[in-house]
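In this note's numbering, the protein residues as written are 2 to 603. Even for Gly, the Cβ is constructed at its ideal location relative to N, Cα and C. Owing to the predicted nature of the structure, the values given are computational and were not obtained by experimental measurement.
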Amino acid sequence: MDVMGDKATLFETGRFVQPSGRDGVGEAPDDAAEEVRQRLAAEAGDVEAMSVLGALLLRRGDLDGAEPHLRAATAAGDRAAANNLGVLLHQRGYADDAAGWWRIAAVAGSAAAAHALGRHHRERGDEPAAEYWLRQSAEQGHALGAYALADLLEHRQDAGAEQWMRIAAERGHREAAYRLARALDRRLVPEGDVGDDHGAGAEAEQWYRQAAARGHRRAALHLGAILERRGALKEAGRWYLTSAKDGEARAACALGFLLRDAGDTESAAVWWLRAAQDGDGNAANALGALHAERGEPQTAERWYRAAMDAGDDNGAYNLGLLCAEQGRTAQAELWYRRAAYAGHREAANALAILLLQGGDTAGAEPWFSKAAEAGSVDAAFNLGILFAGRGEETVALRWYERAAAAGHTEAALQVGIARLRDGDEAGAERHLRCAAGGGSAEAAYRLATVLDARRPPVPAHSLGEPVHEEKSECEEWYERAASQGHRRAQVRVGMLAAARGDVVEAARWYREAAEAGSRNGAFNLGLLLAREGSEPEAAVWWARAADAGHGRAALRLALVYARRGELAEGQRWADRAVALGPAEVSERAARLRDALREELSA
Numbered sequence: 002m003d004v005m006g007d008k009a010t011l012f013e014t015g016r017f018v019q020p021s022g023r024d025g026v027g028e029a030p031d032d033a034a035e036e037v038r039q040r041l042a043a044e045a046g047d048v049e050a051m052s053v054l055g056a057l058l059l060r061r062g063d064l065d066g067a068e069p070h071l072r073a074a075t076a077a078g079d080r081a082a083a084n085n086l087g088v089l090l091h092q093r094g095y096a097d098d099a100a101g102w103w104r105i106a107a108v109a110g111s112a113a114a115a116h117a118l119g120r121h122h123r124e125r126g127d128e129p130a131a132e133y134w135l136r137q138s139a140e141q142g143h144a145l146g147a148y149a150l151a152d153l154l155e156h157r158q159d160a161g162a163e164q165w166m167r168i169a170a171e172r173g174h175r176e177a178a179y180r181l182a183r184a185l186d187r188r189l190v191p192e193g194d195v196g197d198d199h200g201a202g203a204e205a206e207q208w209y210r211q212a213a214a215r216g217h218r219r220a221a222l223h224l225g226a227i228l229e230r231r232g233a234l235k236e237a238g239r240w241y242l243t244s245a246k247d248g249e250a251r252a253a254c255a256l257g258f259l260l261r262d263a264g265d266t267e268s269a270a271v272w273w274l275r276a277a278q279d280g281d282g283n284a285a286n287a288l289g290a291l292h293a294e295r296g297e298p299q300t301a302e303r304w305y306r307a308a309m310d311a312g313d314d315n316g317a318y319n320l321g322l323l324c325a326e327q328g329r330t331a332q333a334e335l336w337y338r339r340a341a342y343a344g345h346r347e348a349a350n351a352l353a354i355l356l357l358q359g360g361d362t363a364g365a366e367p368w369f370s371k372a373a374e375a376g377s378v379d380a381a382f383n384l385g386i387l388f389a390g391r392g393e394e395t396v397a398l399r400w401y402e403r404a405a406a407a408g409h410t411e412a413a414l415q416v417g418i419a420r421l422r423d424g425d426e427a428g429a430e431r432h433l434r435c436a437a438g439g440g441s442a443e444a445a446y447r448l449a450t451v452l453d454a455r456r457p458p459v460p461a462h463s464l465g466e467p468v469h470e471e472k473s474e475c476e477e478w479y480e481r482a483a484s485q486g487h488r489r490a491q492v493r494v495g496m497l498a499a500a501r502g503d504v505v506e507a508a509r510w511y512r513e514a515a516e517a518g519s520r521n522g523a524f525n526l527g528l529l530l531a532r533e534g535s536e537p538e539a540a541v542w543w544a545r546a547a548d549a550g551h552g553r554a555a556l557r558l559a560l561v562y563a564r565r566g567e568l569a570e571g572q573r574w575a576d577r578a579v580a581l582g583p584a585e586v587s588e589r590a591a592r593l594r595d596a597l598r599e600e601l602s603a
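Structural data, given as structure tokens:
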């Protein structure tokens, strides 16, 4: 009978009331002396004392002792006694007899009895009668009556439900406050779990706060989530803690994540354990991940299985990841399939990758498609790679565009490259900016080259000449790519620095590129060193560049050795330059080689 409230008891349902002219809930005197006083007054024929004494005994659970006093007071016309007699009979299982007494009390004006009678009719399936009596109760200012009426109207999808829910909430009904907040919240965000809510209006938050302050654990959970999204982590933690202590597993799980993010992993594990033991799959997954990070795969697997048993598909997915990391490919495929068939999109993507790695392209494609259609951005990108590998560029671009629209950095880069190839510079720039902003060094470099091509020619400066000139946007993008280790960007930044006359900066970037394996970086560093009078060190870098296939570096080395009189070594590097090219270099190197050969044969 107490299904309407969050934590209803006999006293809190409103079916049990105190007399003394009041139909609402009041405090029953527990003092033995007060009971004796009321008993003496009742024996002397005081109707109100009979009603009070019956209510006191009823509340204590002494039904046999309470009944004669309540019947006597009811016979004398006390409506509170009639209501409480109905409660007593209902507790004994005589629901129809209870309804008869509630009707008498309700007709006499008892709001609590009207509420109880309305509830009785609703439980019997007589909704018109239920609405009539609940409305009588609600209109008399009874909070529980207003809530029960709102619940009935909401069940019918009646527009008037919210009005009565609001009235009940304003009168202090915590479940009404919570449900009103949820209704307001759902107007802003789709229905879902706490973690899926992206915001709540100020009014919704106000009602969550009111319900939470009255001990509603789910309201405390939602309030904590709102505060966490806002960044008020300390207050969010307090409400999560309140809710978790009241037994809300999701709050315990959320509190665990809050503590983990604050660096307190041990405390986080305690709350995750508590939530997991209460059946929270998300907490079980968190514990599994924690033990996996600690190098405890067996314990991790146990918690992932617990998550799966709790109905969380992430458990199967995480088991797949764990098996894949351990090289247990067959088991990984099994768990990925289980999660994928349950609709887990990332599991479908992971399964497709596993199949692709095994050479099963035909089997991988439908899983990529299923994951992508379910919203997996990675799967959409992977489909782009798959179709590009087959030479189906148009289809590949369509999937790249879909992934890029969802914020996938590498997909945006691929779209940008395709736009450049098609001559759509504006479209290319837009996508390259997105990819570069997402951290792609290649995108930053390509964006810089697009912007660089638009720049007007910059006056040349002699090396070493101080120049105070603000960097252009293209140079900033080159530097961003260079700082991420992009070798061509490093060489270009070095060239721009050299053009400004900043030899030290140019040498730094050339050296960084050269040490990372860039032959152009090594060649340019050699040029810089030679101009600064360090030809022996320059020759070292040219040798590295030439060994990596740089024809001009080989020609420079041939000239160095020719000037030194080491004709055979010069001829060797000239032969190398002829082979490497390009045509202009090959032609010059051939002439030098022939001259050195003549000199050697003279």
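Residue closest to residue 1, alpha-carbon to alpha-carbon, out of 526, 542, 310, 267: The structure shown has nothing for residue 1, since the chain only spans 2 to 603.
For residue 276 and residue 311, which I take to be in contact (beta-carbon distance under 8 Å), what is that distance rounded to the nearest angstrom? Reading the sequence shown from its first residue, position 275 is the one you call residue 276. Reading the sequence shown from its first residue, position 310 is the one you call residue 311. Actually they are not in contact, since the Cβ atoms of residue 276 and residue 311 sit about 10 Å apart, beyond 8 Å.
Check this for me: beta carbons of residue 45 and residue 51, under 8 Å apart or not? Here the question's residue 45 lines up with position 44 in the sequence shown. Here the question's residue 51 lines up with position 50 in the sequence shown. Inclusion of residue 45 and residue 51 in the CB contact set at 8 Å is not warranted, their separation being larger than that value.
Reducing DSSP to helix, strand and coil, say where residue 472 ends up. The sequence position of residue 472 within the sequence shown is 471, counting from 1. If DSSP states are grouped into helix, strand and coil, residue 472 belongs with coil.
Where does residue 156 land, buried or exposed, given buried means 16+ other C-beta within 10 angstroms? Numbered from its first residue, the sequence shown carries residue 156 at position 155. Residue 156 should be labelled exposed.
Three-state secondary structure (DSSP) of residue 298: In the sequence shown, residue 298 corresponds to position 297, counting from 1. Under the three-state reduction of DSSP, residue 298 is assigned to helix.
Please say whether residue 181 and residue 202 have beta carbons closer to each other than 8 Å? Locating residue 202 in the sequence shown gives position 201, counting from the first residue. Locating residue 181 in the sequence shown gives position 180, counting from the first residue. Taking the C-beta atoms as reference points, residue 181 is found no nearer than 8 Å to residue 202.
By alpha-carbon positions, which one of 282, 272, 319 ends up nearest to residue 293? Taking the sequence shown and counting its residues from 1, the one referred to as residue 293 is at position 292. For the residues 282, 272, 319, the minimum Cα distance to residue 293 belongs to 319.
Burial state of residue 559, where buried means 16 or more other Cβ atoms lie within 10 Å: On the sequence shown, residue 559 is found 558 positions in, with the first residue counted as 1. Buried is the call here.
Three-pair Cβ contact test at 8 Å for the segment 363-380 versus the segment 390-398: Judged by Cβ distances under 8 Å, the segment 363-380 makes no contact with the segment 390-398, as fewer than three pairs qualify.
With DSSP run on the structure shown, which of helix, strand or coil describes residue 95? In the sequence shown, residue 95 corresponds to position 94, counting from 1. Reduced to three states, the DSSP call for residue 95 is coil.
Per-residue DSSP class, three states only, for residue 583: As a working note, residue 583 is residue 582 in the sequence shown. Three-state result, residue 583: coil.
Using three-state DSSP, classify residue 143 as helix, strand or coil. For this step, residue 143 is matched to residue 142 along the sequence shown. In the structure shown, residue 143 sits in coil (DSSP, three-state: anything other than H, G, I, E or B).
Continuous alpha helix (DSSP H) stretch holding residue 73: start and end: The count along the sequence shown starts at 1 and reaches residue 73 at position 72. Its alpha helix (DSSP H) spans residues 64-76.
Tell me the start and end of each unbroken alpha helix (DSSP H) in the segment 101-149 that is at least 4 residues and wholly inside, in chain order. Listed in chain order, the complete alpha helix (DSSP H) runs (minimum 4 residues) inside the segment 101-149 are 112-124, 128-140.
Spatial neighbours of residue 86 within its chain, please: C-beta separation below 6 Å, excluding the five flanking residues on both sides. In the sequence shown, counting from the first residue as 1, residue 86 sits at position 85. Closer than 6 Å at the Cβ level, and outside the excluded window around residue 86, lie 71, 75, 102.
Using a Cβ-Cβ cut-off of 6 Å (strictly less than) and excluding sequence neighbours within five positions of residue 433, which residues of its own chain qualify? As a working note, residue 433 is residue 432 in the sequence shown. The beta carbon of residue 433 sits closer than 6 Å to the beta carbons of 417, 444, 447, 448 from its chain, once the five residues preceding and following it are set aside; these are given in chain order.
Taking the Cβ atom as the reference point for each residue, do residue 224 and residue 240 lie within a distance shorter than 8 Å? For the purposes of this step, residue 224 is identified with residue 223 of the sequence shown, where counting begins at 1. For the purposes of this step, residue 240 is identified with residue 239 of the sequence shown, where counting begins at 1. Against a cut-off of 8 Å, the Cβ pair of residue 240 and residue 224 comes out as a contact.
Since residue 141 contacts residue 112 with CB under 8 Å, what's their CB separation in whole angstroms? In the sequence shown, the residue the question calls residue 141 occupies position 140. In the sequence shown, the residue the question calls residue 112 occupies position 111. Correct: roughly 4 Å between the Cβ atoms.
Whole-angstrom distance between residue 490 and residue 502, CA atom to CA atom: Here residue 502 refers to the residue found at position 501 when the sequence shown is read from its first residue. Here residue 490 refers to the residue found at position 489 when the sequence shown is read from its first residue. Rounded to whole angstroms, residue 502 and residue 490 show a C-alpha spacing of 18 Å.
Considering only C-alpha positions, which residue in the set 369, 49, 230 is nearest to residue 83? Against the sequence shown, residue 83 aligns to sequence position 82. Comparing Cα-Cα distances from residue 83 to each of 369, 49, 230, the minimum goes to 49.
Residues near residue 334 by beta carbon distance below 7 Å, same chain, minus five either side: Position 333 of the sequence shown, counted from the start, is the residue given in the question as residue 334. Cβ contact annotation for residue 334 (same chain, cutoff 7 Å, sequence separation greater than five): 352, 355, in chain order.
Would you check if the distance between the CB atom of residue 250 and the CB atom of residue 284 is smaller than 8 Å? Residue mapping note: residue 250 aligns to position 249 of the sequence shown, counting from 1. Residue mapping note: residue 284 aligns to position 283 of the sequence shown, counting from 1. Contact: yes.
Quick check on DSSP: helix, strand or coil for residue 327? Counting from one through the sequence shown, the residue named residue 327 turns up at place 326. It is coil, neither helix nor strand.
Return yes when the Cβ of residue 104 is within less than 8 Å of the Cβ of residue 90, no when it is not. Working through the sequence shown from its first residue, we reach residue 90 at position 89. Working through the sequence shown from its first residue, we reach residue 104 at position 103. Going by C-beta atoms, residue 90 is not nearer than 8 Å to residue 104.
When you compare the CB positions of residue 555 and residue 574, do they come within less than 8 Å of one another, or not? Counted from its first residue, the sequence shown places residue 555 at position 554. Counted from its first residue, the sequence shown places residue 574 at position 573. Yes, these two residues count as a Cβ contact at 8 Å.
Among 524, 565, 557, the one whose alpha carbon lies nearest that of residue 546: On the sequence shown, position 545 is the one that residue 546 refers to. Nearest C-alpha to residue 546: 524.
Cβ neighbour criterion (16 or more within 10 Å) applied to residue 494: Within the sequence shown, residue 494 is the residue found at index 493, counting from 1. Flag for residue 494 reads buried.
Under the three-state DSSP convention, the category residue 307 falls into: Looking up residue 307 in the sequence shown gives position 306. Looking at residue 307 - three-state DSSP - the assignment turns out to be helix.
Local Cβ density within 10 Å of residue 61, reported as buried at 16 or more and exposed below that: Position 60 of the sequence shown, counted from the start, is the residue given in the question as residue 61. Only exposed fits residue 61, as fewer than 16 other CB atoms lie within 10 angstroms of its CB.
Under 6 Å Cβ to Cβ from residue 58, same chain only, skipping five residues before and after it: list those, please. What you label residue 58 is simply residue 57 of the sequence shown in a count that begins at 1. Answer for residue 58: 66, 67, listed in chain order.
Take residue 381 and list the residues in its own chain whose beta-carbon comes closer than 6 Å to its own, dropping the five residues that flank it on each side. Here residue 381 is taken as the residue at index 380 of the sequence shown, counted from 1. If we look at residue 381 and ignore the five residues flanking it on each side, its Cβ neighbours are 373, 400, 403, 404.
Quick check on DSSP: helix, strand or coil for residue 407? Here residue 407 refers to the residue found at position 406 when the sequence shown is read from its first residue. Assignment of residue 407 by DSSP, reduced to helix, strand and coil, places it in the coil class.
C-beta contact flag for residue 226 and residue 255 at 8 Å: Start at 1 with the first residue of the sequence shown, and residue 226 comes out as number 225. Start at 1 with the first residue of the sequence shown, and residue 255 comes out as number 254. It is a contact, given that the beta carbons lie within the stated cut-off.
From the DSSP output, in three-state form, read off residue 519 for me. Here residue 519 refers to the residue found at position 518 of the sequence shown. Residue 519 sits in coil when the DSSP states are folded into three classes, being neither helix nor strand.
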